[in-house]
Amino acid sequence: MKLYVNEIIDNSKVEGPGNRTCIFVQGCLKHCYKCNSPQTWDLDSGNEYDVKQLAEDILSNPDIEGVTFSGGEPLLQSRALYQLAKMLKDKLSIVIFTGYEYNLIKSVNCADWNNLLNLCDILVSGKFIYEKRCTDRLWVGSSNQEIIFLSDIYKDFDLNNKKNKIEIRLNKDGKIIVNGMADNDKILELFNDSNLI
Ligand code: SF4
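Letter by letter, the sequence shown follows residues 22 to 218 in the working numbering.
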């Protein structure tokens, strides 16, 4: 099975608890105003990954405690991510970001979405709303977004008293990659460059 990916970041410490591999999938229909990753919207691009090979690559990193599915919109590729999650679940925790609200996800009751979420430990849900932008809470960019613990493995994780951070990388092609959570205008001001992840 294939997964379409915009970017993979290894050893990130800002996309969920601990050290994580982050998979930013390709494709999103939400098109939130001032989304900080519009390059992930196009449904017809992205790099094609074989899910089994990707799982092996992720598991070859002994330093991570989990994987994070972000985007783009992970639920648009829920079937492939479910297959991937099944191969990782015994060894890694799973965090998923989605632009869909948790109440909507529950009411839609889509089997593919449910299968995937049943393997996830933390769900960060809700679209980014610029008028409600607020980066005070860990991992979220606007006050409407929710953090939901779907399993109890992080039940003692304290969301309070932690600050959002960003990470900046220069990849082998010379592209600057920024991930994590910060005010988008401030990031753009910092770099004065629109070629950011
Ligand atoms: S849901 Fe996420 S990736 Fe999609 S447009 Fe909104 S902020 Fe961007």
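Just so you know, even glycine gets a beta-carbon here, dropped at the ideal spot from N, CA and C.
What separation, rounded to the nearest whole angstrom, lies between the Cα atoms of residue i and residue j?
i, j, result
"Gln-47", "Cys-141", "19 Å"
"Arg-154", "Gln-166", "10 Å"
"Lys-34", "Val-88", "11 Å"
"Ile-44", "Asn-135", "19 Å"
"Gly-37", "Asp-206", "23 Å"
"Ser-164", "Ala-203", "13 Å"
Note the first and the last residue of the continuous beta strand (DSSP E) segment covering residue i.
i, result
"Ser-31", "Note that residue 31 is Asp in the sequence shown, not Ser. It spans 23 to 33 - the beta strand (DSSP E) in which Asp-31 sits, taken as one unbroken run."
"Glu-210", "Taken as a continuous stretch (DSSP letters only), Glu-210 belongs to no beta strand (DSSP E), being part of the alpha helix (DSSP H) at 205 to 212."
"Ile-189", "187 to 191"
What residue does the alpha helix (DSSP H) around residue i start on, and which one ends it?
i, result
"Phe-90", "Careful: Phe-90 lies outside any alpha helix (DSSP H), inside the beta strand (DSSP E) at 87 to 91."
"Phe-45", "Per DSSP, Phe-45 belongs to no alpha helix (DSSP H); it is in the beta strand (DSSP E), 41 to 46."
"Ile-79", "72 to 80"
Using the beta-carbon count (16 or more within 10 Å), is residue i buried or exposed?
i, result
"Tyr-54", "exposed"
"Glu-152", "exposed"
"Asn-145", "With the sequence shown as reference, residue 145 is identified as Val, and Asn is not the correct amino acid for it. That one is buried."
Any heavy atom of the ligand SAH inside 7 Å of the beta-carbon of residue i?
i, result
"Asn-57", "The model depicted lacks the ligand SAH and carries the ligand SF4 instead."
Query raised in the report: Whole beta strand (DSSP E) runs in the region 104 to 168 with 3 or more residues, listed along the chain?
Result: If you keep only unbroken beta strand (DSSP E) runs of at least 3 residues inside the region 104 to 168, you get 114 to 119 and 143 to 146.
Query raised in the report: Residues near the ligand SF4, CB to any non-hydrogen atom under 6 Å, in chain order?
Result: Those residues that have a beta carbon less than 6 Å away from any non-hydrogen atom of the ligand SF4 are, in order along the chain, Cys-49, Lys-51, His-52, Cys-53, Cys-56, Ser-58, Thr-61, Gly-92, Gly-93, Glu-94, Gly-120, Lys-148 and Phe-149.
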